[in-house]
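**Q** One structure, as C-alpha cells, below. Some questions next.
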Amino acid sequence: MVKRKLVVGNWKMHGIVPETSIMLEKLKKEVEDIKKVEIVVCPPFVDLYTANISVNGTNIELGSQNVFYEEQGPYTGEISPLMLKGLCKYVIVGHSERRIHFLETDKIIAKKVAAAVRHGLTPILCVGDTLQDFNDGFSKITILSQLQAALHLITKDEVAKVVIAYEPVWAIGTGKNCSAKRATEVAKDIKHTIAELFGKAISEKMRVLYGGSVKAKNANVYFDDPDIDGVLVGGASVDHFEFAKIIKGAEKHTK
Ligand code: 13P
Numbered sequence: 023m024v025k026r027k028l029v030v031g032n033w034k035m036h037g038i039v040p041e042t043s044i045m046l047e048k049l050k051k052e053v054e055d056i057k058k059v060e061i062v063v064c065p066p067f068v069d070l071y072t073a074n075i076s077v078n079g080t081n082i083e084l085g086s087q088n089v090f091y092e093e094q095g096p097y098t099g100e101i102s103p104l105m106l107k108g109l110c111k112y113v114i115v116g117h118s119e120r121r122i123h124f125l126e127t128d129k130i131i132a133k134k135v136a137a138a139v140r141h142g143l144t145p146i147l148c149v150g151d152t153l154q155d156f157n158d159g160f161s162k163i164t165i166l167s168q169l170q171a172a173l174h175l176i177t178k179d180e181v182a183k184v185v186i187a188y189e190p191v192w193a194i195g196t197g198k199n200c201s202a203k204r205a206t207e208v209a210k211d212i213k214h215t216i217a218e219l220f221g222k223a224i225s226e227k228m229r230v231l232y233g234g235s236v237k238a239k240n241a242n243v244y245f246d247d248p249d250i251d252g253v254l255v256g257g258a259s260v261d262h263f264e265f266a267k268i269i270k271g272a273e274k275h276t277k
C-alpha cells in the first residue's frame with residue numbers, strides 16, 4: 023500500500039499571533055501545487071484559531087503541540103481535546119521536550135493518546151532514545167517500551183490511526199540528524215512491534231515519521247525509504263521557504 027508522505031512542522035514556542043497568518047500566507051503560496059504530500063503545521067495553542075482561518079480551504083492541515091486528557095474541569099492552564107476539536111486534526115503527544123521539561127510520564131502520555139483518539143484527533147506520538155541510551159545500547163528497549171506504554175489504553179482500530187514519530191533526543195536541535203539507515207531500522211522495529219501487539223494489518227496502516235534536525239539539505243534521504251512515512255520538522259519549519267523545500271522534496275520522491 024502506497025501511503026502519502028506526511029510532513030509535519032512543529033513550530034514549538036515560536037510565532038506570536040500576528041505573525042501566524044503572515045507565515046502561513048507565505049507557506050500557502052509556496053506549496054499550493056503540492057498534491058502528493060500531506061502537510062501539517064503545529065503552531066502554539068494561541069495561534070491555532072488564527073491559523074485555522076488562514077489554512078481553511080488549502081492543502082495545509084493543523085496540529086497542536088500538546089493536549090490534556092480531561093475534557094474540562096479545574097486544570098488551570100491546560101487545553102482539552104474538546105477545545106482542539108474543530109481547530110486542528112493532529113496533536114503531538116509525548117514530545118521529548120515535554121517528557122524532559124514538564125516531566126510527562128508514559129502513564130500521562132497514554133492517557134493523552136487515548137483522549138485524543140476518542141475525540142477524533144490524530145495523535146502524533148513521539149518516542150525516542152537519549153544519547154545515554156544510545157551510548158549504552160539501550161535505544162531499542164527505550165523506544166519500544168515508550169511505544170507500548172503509550173498505546174496500552176486504546177483499541178487495535180484506534181492504534182491504526184496513531185502516527186508515530188521517531189525522534190532521537192540526541193538529534194533534536196543539534197544539527198546531528200540520524201542516518202536514514204538507522205531511522206529505517208527503528209521504523210521497522212516500531213512496525214514489527216505493532217504487528218506483534220496488534221496484528222500485521224494494523225502495522226501496515228500505521229505511519230512512522232522521523233524527526234530530529236531535518237533540513238531541506240538532508241530530508242530527501244528519508245523520503246526515499248518506504249518504511250519512513252514522512253518527517254517531523256522543528257527549527258526548519260518556522261522558515262516557510264525551508265519548510266516548503268522539504269515538502270517539495272517529499273512530493274518529488276513520491277511515485
Ligand atoms: P529540530 O528539527 O529543530 O531538530 O526539532 C525536531 C523536533 O523536535 C520536532 O518535533
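The sequence shown stops at residue 277 when you use our numbering, and every number in between is there. Virtual Cβ for every residue (Gly too), placed ideally from N, Cα, C. For clarity, every value in this text was computed on a predicted model and none was experimentally measured.
According to DSSP, which residues form a beta bridge with Thr144?
**A** For Thr144, which the question treats as bridged, DSSP gives the partners Tyr112.
**Q** If we count the other Cβ atoms within 10 Å of its Cβ and call it buried at 16 or more, is Asp246 buried or exposed?
**A** Counting Cβ neighbours within 10 Å, Asp246 comes out exposed, since fewer than 16 surround it.
**Q** Compute the Euclidean distance between the alpha carbons of Lys134 and Pro40, then round it to the nearest angstrom.
**A** If I take the Cα positions, the gap works out to 29 angstroms.
**Q** Pairing CB atoms from the segment 222-238 with CB atoms from the segment 175-182, are three or more of them under 8 angstroms?
**A** Segments in contact, yes.
**Q** Report the residue from Val68, Ala272, Lys213 and Gln168 whose alpha carbon sits nearest the alpha carbon of Asn240.
**A** Comparing Cα-Cα distances from Asn240 to each of Val68, Ala272, Lys213 and Gln168, the minimum goes to Ala272.
**Q** Give a single yes or no on whether Ser76 has its beta carbon closer than 7 angstroms to a heavy atom of ligand 1.
**A** No, ligand 1 has no heavy atom inside 7 angstroms of this Cβ.
**Q** Locate the alpha helix (DSSP H) running through Ala244, then write down its first and last residues.
**A** Per the sequence shown, the amino acid found at residue 244 is Tyr instead of Ala. Asn242 to Phe245 is the span of the alpha helix (DSSP H), which, as asked, contains Tyr244.
**Q** Please list, in chain order, all residues of the same chain as Val62 whose beta carbon is under 6 angstroms from its beta carbon, the five residues on each side excluded.
**A** For Val62, where only same-chain residues beyond five positions count, the Cβ hits under 6 angstroms are Val30, Glu83, Gly85 and Tyr112.
**Q** On the DSSP bridge assignment, give the partners of Cys64 in chain order.
**A** Cys64 pairs with Asn32.
**Q** Short of 8 angstroms in beta carbon distance, which residues of its chain neighbour Asn199, apart from the five on each side in sequence? Order them along the chain.
**A** The residues are Ala193, Gly234, Ser235, Val236, Lys237 and Asn240.
**Q** So the beta strand (DSSP E) Arg229 belongs to, where does it begin and stop?
**A** Arg229 to Gly233 is the extent of the beta strand (DSSP E) around Arg229.
**Q** Since Cys148 contacts Glu100 with CB under 8 angstroms, what's their CB separation in whole angstroms?
**A** Cys148 to Glu100, Cβ: 19 angstroms. No contact.
**Q** What residue range is occupied by the uninterrupted beta strand (DSSP E) comprising Ala187?
**A** Unbroken beta strand (DSSP E) run through Ala187: Val185 to Tyr188.
**Q** I'd like to check one pair, Pro66 with Ser108: are the Cβ atoms closer than 8 angstroms?
**A** Position check: residue 108 holds Gly in this sequence, whereas Ser was assumed. Taking 8 angstroms as the Cβ cut-off, Gly108 and Pro66 do not qualify as a contacting pair.
**Q** Taking the alpha-carbon of Leu28 as reference, which of Phe220, Tyr232, Phe90 and Val260 has the nearest alpha-carbon?
**A** Residue Tyr232 is the option with its Cα nearest to Leu28.
**Q** Given a threshold of 16 other Cβ atoms within 10 Å of its Cβ, counted over all protein chains shown, does Val68 qualify as buried or as exposed?
**A** The residue is exposed, with fewer than 16 neighbouring Cβ atoms inside 10 Å.
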